[in-house]
């Protein structure tokens with residue numbers, strides 16, 4: 014569960030990823046096995062370690 018600050022960071026990460034990486038690249042990288050939210054969640058977990 015994300016607190017308010019973590020949610021703000023997650024929203025910002027999503028905006029940056031969508032803005033900077035073309036949808037074709039995102040589809041290639043995620044290969045329909047992962048979602049953008051999976052990646053953002055993993056980034057947040059790694060930052061908390």
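Numbering (the numbering used here), first residue to last: 14 to 62.
Heads up, the beta-carbon is just placed ideally off N, CA and C, and yes, glycines get one too.
Per DSSP, what kind of secondary structure is residue i in: helix, strand or coil?
| i | result |
| --- | --- |
| residue 27 | helix |
| residue 63 | This structure gives no information on residue 63, because the portion of the chain shown stretches from 14 to 62. |
| residue 47 | coil |
| residue 62 | coil |
Expressed to the nearest angstrom, what Euclidean distance is found between the alpha-carbon atoms of residue i and residue j?
| i | j | result |
| --- | --- | --- |
| residue 35 | residue 51 | 18 Å |
| residue 15 | residue 21 | 9 Å |
| residue 57 | residue 37 | 24 Å |
| residue 60 | residue 18 | 13 Å |
Determine the contact status of residue i and residue j, defining contact as a CB-CB distance below 7 Å.
| i | j | result |
| --- | --- | --- |
| residue 53 | residue 27 | yes |
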